[in-house]
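A short worksheet on the structure shown next.
Protein chains: 2
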Amino acid sequence: MDLRIERPERPGRRGEGAAAPVYRQIAEQIRAQVEVGGLAAGARLPTIRALARRLGVNRDTVALAYESLAAQGVVEARVGRGTFVRSAAPATRRDGADALRLAPAVERLLDLERGLPHYGATDGAIPLHALVPDPSLFPVDGFRRAVNRALSDGGAALLGYGGPQGHAGLREVLAARLREAGHAAGPESIVLCQGASQGIALAMRLFAESGDSVAIEDPTYQNALGAVVGLGLRPVPVPMGAEGPDLAALDRVLARPEVKLFYTIPTFHNPMGVTSSLAHRRALLEVAGRHGVPVVEDAYEMDLRFAGRPVPSLAALDEAGTVVQLTSFSKSLFPGVRCGAVVARGRLVEALLVLRHASDLGGALPLQAALADFVGRGAYDRHLAAVRRELRARRDVLLEALEAWMPEGTRWTTPEGGFQVWAELPEPLDTRDLFADALRAGVLFAPGYQFHADGRSSRGLRLSIALAGRDEIREGIRRLGRVACEHVAAGTAPTRAASVHM
Amino acid sequence: MDLRIERPERPGRRGEGAAAPVYRQIAEQIRAQVEVGGLAAGARLPTIRALARRLGVNRDTVALAYESLAAQGVVEARVGRGTFVRSAAPATRRDGADALRLAPAVERLLDLERGLPHYGATDGAIPLHALVPDPSLFPVDGFRRAVNRALSDGGAALLGYGGPQGHAGLREVLAARLREAGHAAGPESIVLCQGASQGIALAMRLFAESGDSVAIEDPTYQNALGAVVGLGLRPVPVPMGAEGPDLAALDRVLARPEVKLFYTIPTFHNPMGVTSSLAHRRALLEVAGRHGVPVVEDAYEMDLRFAGRPVPSLAALDEAGTVVQLTSFSKSLFPGVRCGAVVARGRLVEALLVLRHASDLGGALPLQAALADFVGRGAYDRHLAAVRRELRARRDVLLEALEAWMPEGTRWTTPEGGFQVWAELPEPLDTRDLFADALRAGVLFAPGYQFHADGRSSRGLRLSIALAGRDEIREGIRRLGRVACEHVAAGTAPTRAASVHM
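Below you can see the structure in the form of C-alpha cells.
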C-alpha cells in the first residue's frame, strides 16, 4: 500500500487548516484503501515496527493509527498474529454510531485533542516532554506490601463502596500533612478523588456549568483546558507574568459576571515552573475576594519542592474560605494510585460529595487504605526525600545544559520544585516548527502552543526533568539546542512531505 | 441540650415542605445552639452512641449529623477524644464558602439528595434496602493474591498512567466474555470506567449537555437520576410496563428533538427486577433507530442471572451501532474494585476516550490488572456460580415470605437474576409512610418515590436480597408485612413528633 505522510510541522490554530496528525493520516489512508478494496477483508497489515521503520515515524504513531482503525471497526487485532482488515459486516454496522450527533462540547474536545502533539513512546528519543514521574524511582515493593497489609487487615470492608469522601484514615493523614504546612483543614474538609485531574473537573463543576466562563492562566495546564472544554465552559485567559498571573488583568477578568471561578497553579506552575511570592498570593486573594469569585488552587506538585523556602498555599492564606485546593500523589509518588484530594470548606464539601457521587460514586478503598498505610509509616516521606534529591540534581544539569547549548537570547525559568522548566526562544520562532526536527534528532519536548486556550503560536516550550536521567537531560538539551540553533539561523522551516511506498 | 426531632414520615415531593431528614434536624439544632451560645466553644458533644440512644435514632444518623457539622466547621472530631464545638474563628471563615453561588445543577443535585431516604447503618435492622453485595461472599484472599501477583509481575509499569481506555489484558478478557454472550465487541470497543456509575455519566455526556433532555424509564435507578440532574439535563420519563418500557410512550418521547438519548435497564431492571423479552428488545431498537436516538443500555447486573434463559443484550442485537452498553463488577464481584466498562463503536469510542481523559485521565491499573488475573484464572466464574446459587435461594425465600406476610392485594415481580424485587401495595398507600414504622420494627426497604424523576408518591417499594441472608429475609418480610398490614388497616398515618431532652 502507498501512504503519503505530510509532517505536521506547521499546524494552524488548534488544527484548523493544518496537516492532520501523522497517526490520523496513516489511519485515514489505510481506511480509504480498505473502502476502495485496495486492501481486502482478511488482509494482514504490516507489523507496527515494519511500518514505522518504512515511514520513518515513531512506532507509537503507527500503533495509534492501528488502534484508531480498530476502534472504527476497520481492522482487528488478533493476539499473537497481527492486525487484519475486518470483514465488511462491522464496517456497515459502524455507520450508525458514526452518524450520531455528539454533544457540542464533545466535538470541541475532540478538536482540541486533535490539535495536541502526539508523542507516542520515546523509542530512544530523550523524553523531555512529559510530566510523568520516573518509574525507576517508584517504590513498587513497598507499595505492594502496603496493599497486602491493607487488604489483610481491612478485608471485605475495603471492598465495598467507599463513599464519595473516601477512606477516613487517609483523610486523617492528609489533614495532618496540611496542618504541618499551615493549612488548618480537618479530614472532614477533604474529598479524595482520582488524582488532581478529577479534582479540576469537580471543582469547576461546583461553580460553573455549560455556557459559563472560567478564568485561567495563560499559559496553563493543557488538561485543565481539556476539562474546561469538555464541560462546555469558555476559558478566559489571564496572562502569566514572571511570578504569577497579572493581577491587573485578573481584576478586569473577574469583574465579568459570566466568569465563575479562577483556576490557578501558584506553586511550580504548569507549564512555567514559577512559584508566586507570599505578597502576590495575598494580593491575588484580595482581588478574587473583592469580586466574590472562588479560586481553584491546583497544588498538584506541592510535595516536590527541592530548593528555596516553602510559600504558604492560597488555601492556607485564605481567610474567606473561598479557595478550593487540589492535591495529588500522581507526581510525587506515582500516578497508578489514582489518588488526589479536593480540600474545601462548609457547603462546598457537601456539594463536592453529591457531585462525586453522581460522577462515579467514589474511589477505590483498597488503594486509599494502602496509601494511608504507606504515608503513615513514613515510607512516603522517605520516598520524597530521595525524589527531591534526584530532581534537584536533574534541574541543575538542565539549567547548565540550557546555558551551554541553547541559542543566544533564549530565556528560561528556574523552578524550586516540580518537573518543568519553561524556556522561550528568540522571536519569531514557533516551537511547533522545531518539533519534527527535534524528534528526528532524538529528543522530545512540549511545544508551547498547547498551553494557550487559543492554541496560538508560541516561542515557549516546556522541558521536563521527570522521566530523563541526568546524562539524558544533558544529551537531550544538546540535541535540542542544535535544532533550535538551526531554526534560529534559517528562520521558519517549510512544510515537508515524506512519501513512502510499502 | 434540647433537641426536637420530627420523624420524616411524610416528606413531600423531593423534600419540599417536608420534615427535613433527621440527621439534618439534629445538625441544624446543634448549630443553632452553638450560634446562640447554648453550646460554648470547646464544649464536648455527647458520644454518637449516647445521643442515638437518647433520641431513639440510628447511630449513623447521629454520625451523619456530626459529620455535617464538622464539614460546616461548627464542630471538630479529635481522634480518640470525641467531638467538640470549634472556636469561633473557623465559623466566621466558613461564611465566605457558604456565600458562594453554586452552579444551578449542583443546587438541584443537593435538593435531590436531601429528598432521598437516609438509612445510616442497619444497627440490627434487616437490610432489604440496598443493592450492595454481601461482604461475607467477597473472595477477599483470592483477590488479594491477584493484586499481589499483578504488582509483582507488572511492577512499575502498573503504577504509571493507565490511559483513558484502561488495562488491555482486562479488555481482552471482557471482550471474550461479551463474545460468549453473543456480543461481538473487541477490546478496542471497550473503555474501562469506575463502575457502571461513571459509565452512565460518560455515556450521557457523549450526546447531551446542560439544558438537553434525556429519556429515562419511570421508575429508574435513583443514581442515574442523580447523574442526569448533576449534568444539568432534564429527565423525560417513559413509563415501565410489566416487561419493560412502554414502547408507544417511548415512540412519542423520542420524537421530541430535545431528547438526546434513552437510558434503559433491560435486564434485571432497577428498581423493578424485570427483564424484557427478545421481541420487546427488537421493537425497542426499532423505535430508537427510527428516531436516530442512541440507547444507553445499563447491564450492571448482567452476570447475576440465576434462573431462566439469557436474553441477548440490546448491544448484541444492535445492527446500527447506536447502543452504548455499560457493565460492572460492582454487584457481581464487589464494588471496591471500582471497575466497569462502556462498550461502544466507531467514533463513540474515541469520544469516550477524550471525555474520560478530561474527567480523571483514567483508572487504576493495579486493580484492573488484578481483575484481569482474577477473571482469567476462572476465579470470577467460580465466585459467580456460588453467588448465583445463594441469590436463587434468597429470592425463593423472599417470594415465599411475600406470599405469606404481605397484605392482600400486594403484587410483586419475580426476577431471574440480580438483587431486587419490586412490590406494590394496595392503594392508596405511599410507601414513604411505612418507612419510619418499618425502621422501628427493624427492617429497611427502599421506598418507591425516589425512583421517580418527579419524586411523586408511590405504592411501590424495592426489596433487595443483596445483603440479608435467608433467615433475615424471612424475618424482615414478616416485620414489613406486619407494618404494611397495619397501615393498610389504618389508612395513612399521621406525622409524629418525638421530643428528647438530653
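Line order of the protein sequences matches chains A and B. The opening residue of the first sequence carries number 1 in the numbering used here; numbering runs sequentially from there. The opening residue of the second sequence carries number 1 in the numbering used here; numbering runs sequentially from there. We put the CB at the ideal spot given by N, CA and C, even for glycine.
Closer than 8 Å to chain B by CB, THR275 of chain A: On the first sequence, position 275 is the one that residue 275 of chain A refers to. No, THR275 of chain A does not count as interfacial toward chain B.
Sequence ranges, alpha helix (DSSP H) only - wholly within the stretch 440-492 of chain B, length at least 4: 470-490
Chain B contacts from the stretch 196-208 of chain A (Cβ-Cβ distance under 7 Å): SER197, GLN198, ALA201, ARG205, LEU206, PHE207, ALA208
Every unbroken alpha helix (DSSP H) within the stretch 23-82 of chain A, with a cutoff of 4 residues, ordered by chain: 48-55, 59-71
Residues of the stretch 345-373 of chain A whose Cβ lies closer than 7 Å to any Cβ of chain B, in chain order: ARG345, GLY346, ARG347, LEU348, VAL349, GLU350, ALA351, VAL354, LEU355, HIS357, ALA358, SER359, ASP360, LEU361, GLY363, ALA364, LEU365, PRO366, LEU367
8 Å Cβ cutoff met for GLY162 of chain A and ALA175 of chain A: As a working mapping, residue 162 of chain A is identified with position 162 in the first sequence. As a working mapping, residue 175 of chain A is identified with position 175 in the first sequence. It is not a contact, given that the beta carbons lie outside the stated cut-off.
Same chain, Cβ closer than 7 Å to ALA91 of chain B, five either side skipped, listed in chain order: By one-based count along the second sequence, residue 91 of chain B stands at place 91. Confidence at ALA91 of chain B is low in this model, with a pLDDT of 42, below 50, so the placement of that residue should be treated as unreliable; the coordinate-derived value is given next. So the list reads GLY73, VAL74, once near-sequence residues are dropped.
Rounded separation between GLY476 of chain B and ILE126 of chain B - CA only: Taking the first residue of the second sequence as position 1, residue 476 of chain B is located at position 476. Taking the first residue of the second sequence as position 1, residue 126 of chain B is located at position 126. Those two C-alpha atoms are separated by around 6 Å.
GLU113 of chain A, buried or exposed, once every other Cβ within 10 Å from all chains shown has been counted against 16: Here residue 113 of chain A refers to the residue found at position 113 of the first sequence. The residue in question, GLU113 of chain A, is buried, as its Cβ has 16 or more Cβ neighbours within 10 Å.
Where GLU113 of chain B meets chain A, residues with beta-carbon distance less than 7 Å: The count along the second sequence starts at 1 and reaches residue 113 of chain B at position 113. By Cβ distance, chain A contributes VAL354.
Backbone secondary structure at ALA341 of chain A - three-state DSSP: Sequence index remark: in the first sequence, residue 341 of chain A carries index 341 (1-based). Looking at ALA341 of chain A - three-state DSSP - the assignment turns out to be strand.
Residue closest to SER171 of chain A, alpha-carbon to alpha-carbon, out of A:ALA386, A:GLN368, A:GLN450, A:PRO139: Stepping through the first sequence from its first residue, residue 171 of chain A is reached at position 171. It is worth fixing the name first, because residue 171 of chain A is Arg in this sequence and not Ser. When each option's Cα is compared against that of ARG171 of chain A, the closest is A:GLN368.
Assumed close pair VAL512 of chain A, VAL274 of chain A - CB separation to whole angstroms, cut-off 8 Å: Missing from the structure shown is residue 512 of chain A; chain A here goes from 1 to 502 and no further.
Check whether LEU128 of chain A and PHE445 of chain A have beta carbons under 8 Å apart: Taking the first residue of the first sequence as 1, we reach residue 128 of chain A at position 128. Taking the first residue of the first sequence as 1, we reach residue 445 of chain A at position 445. In this structure, PHE445 of chain A lies closer than 8 Å to LEU128 of chain A by Cβ.
Spatial neighbours of TYR380 of chain B in its chain, beta-carbon cut-off 7 Å, leaving aside the 5 residues before and after: As a position in the second sequence, residue 380 of chain B is number 380, starting the count at 1. Around TYR380 of chain B: LEU333, PHE374.
Residue range of the alpha helix (DSSP H) that includes VAL132 of chain A: Taking the first sequence and counting its residues from 1, one reaches residue 132 of chain A at position 132. Segment: none, VAL132 of chain A is in no alpha helix (DSSP H) and carries neither H nor E.
ILE265 of chain A in three-state terms, based on DSSP: Locating residue 265 of chain A in the first sequence gives position 265, where the first residue counts as 1. Here ILE265 of chain A sits in coil by DSSP.
Short CB-CB distance (under 8 Å) between THR322 of chain A and chain B: Looking up residue 322 of chain A in the first sequence gives position 322. At least one chain B Cβ lies under 8 Å of THR322 of chain A.
Counted within 10 angstroms of its Cβ, other Cβ atoms place SER276 of chain A as buried (16 or more) or exposed: Taking the first sequence and counting its residues from 1, one reaches residue 276 of chain A at position 276. That one is buried.
Length of the line joining the Cα atoms of ARG205 of chain A and ARG145 of chain A: Here residue 205 of chain A corresponds to residue number 205 of the first sequence, with the count starting at 1. Here residue 145 of chain A corresponds to residue number 145 of the first sequence, with the count starting at 1. Cα-Cα distance, rounded: 37 Å.
Nearest neighbour of SER458 of chain A, chosen from A:PHE419, A:PRO104, A:THR220 [CA to CA]: Here the question's residue 458 of chain A lines up with position 458 in the first sequence. Selected option, being the one with the closest Cα: A:THR220.
Alpha carbon of ASP111 of chain A to alpha carbon of ALA105 of chain A, nearest angstrom: The residue given as residue 111 of chain A occupies position 111 in the first sequence. The residue given as residue 105 of chain A occupies position 105 in the first sequence. Between ASP111 of chain A and ALA105 of chain A, the C-alpha separation is close to 10 Å.
Straight-line Cα distance separating GLY346 of chain A from ARG94 of chain B: If you number the second sequence from 1, residue 94 of chain B lands on position 94. If you number the first sequence from 1, residue 346 of chain A lands on position 346. Low confidence applies here, because ARG94 of chain B scores a pLDDT of 49, under 50, leaving its location unreliable; read the following figure in that light. Roughly 6 Å separates the two Cα atoms.
Any chain B beta carbon closer than 8 Å to TYR221 of chain A: In the first sequence, counting from the first residue as 1, residue 221 of chain A sits at position 221. No, because no Cβ of chain B sits closer than 8 Å to the Cβ of TYR221 of chain A.
8 Å contact criterion, which THR322 of chain B and ALA299 of chain B should meet: CB distance rounded: Here the question's residue 322 of chain B lines up with position 322 in the second sequence. Here the question's residue 299 of chain B lines up with position 299 in the second sequence. Rounded, the Cβ-Cβ distance is 16 Å, inconsistent with contact.
Bridge-paired residues (DSSP) for ALA146 of chain A: Numbered from its first residue, the first sequence carries residue 146 of chain A at position 146. Partner(s): none; ALA146 of chain A has no beta bridge.
The stretch 217-234 of chain A contacting the stretch 312-322 of chain A, beta-carbon criterion three pairs below 8 Å: no
Per-residue burial, PRO139 of chain B [other beta carbons within 10 Å of its own, 16 or more giving buried]: As a first step, residue 139 of chain B must be located in the second sequence, where it is residue number 139. Flag for PRO139 of chain B reads buried.
Delimiting residues of the beta strand (DSSP E) encompassing ARG234 of chain B: The residue you call residue 234 of chain B lines up with position 234 of the second sequence. Unbroken beta strand (DSSP E) run through ARG234 of chain B: 234-241.
Where the alpha helix (DSSP H) containing SER328 of chain A begins and where it ends: Position 328 of the first sequence holds residue 328 of chain A. Per DSSP, SER328 of chain A belongs to no alpha helix (DSSP H); it is in the beta strand (DSSP E), 323-328.
Contacts of GLN72 of chain B in chain A (Cβ-Cβ under 7 Å): As a position in the second sequence, residue 72 of chain B is number 72, starting the count at 1. Result: GLY346.
Meets three-Cβ-pair contact criterion under 8 Å: the stretch 456-474 of chain B and the stretch 416-428 of chain B: yes
Beta-carbon neighbours of SER152 of chain A, restricted to chain B and to distances below 8 Å: Residue mapping note: residue 152 of chain A aligns to position 152 of the first sequence, counting from 1. Per Cβ cutoff of 8 Å: ARG144.
Proximity of LEU434 of chain B and THR410 of chain B at Cβ, strictly below 8 Å: Counted from its first residue, the second sequence places residue 434 of chain B at position 434. Counted from its first residue, the second sequence places residue 410 of chain B at position 410. For LEU434 of chain B and THR410 of chain B, no; Cβs fall outside 8 Å.
Cβ neighbour criterion (16 or more within 10 Å) applied to ASP360 of chain A: Translated into the one-based positions of the first sequence, residue 360 of chain A becomes position 360. The residue is buried, with at least 16 neighbouring Cβ atoms inside 10 Å.
Amino acids of chain A, ordered along the chain, whose beta-carbon sits closer than 9 Å to that of ARG394 of chain B: The residue you call residue 394 of chain B lines up with position 394 of the second sequence. Under the 9 Å cutoff, chain A gives no residues; its nearest Cβ is about 18 Å from ARG394 of chain B.
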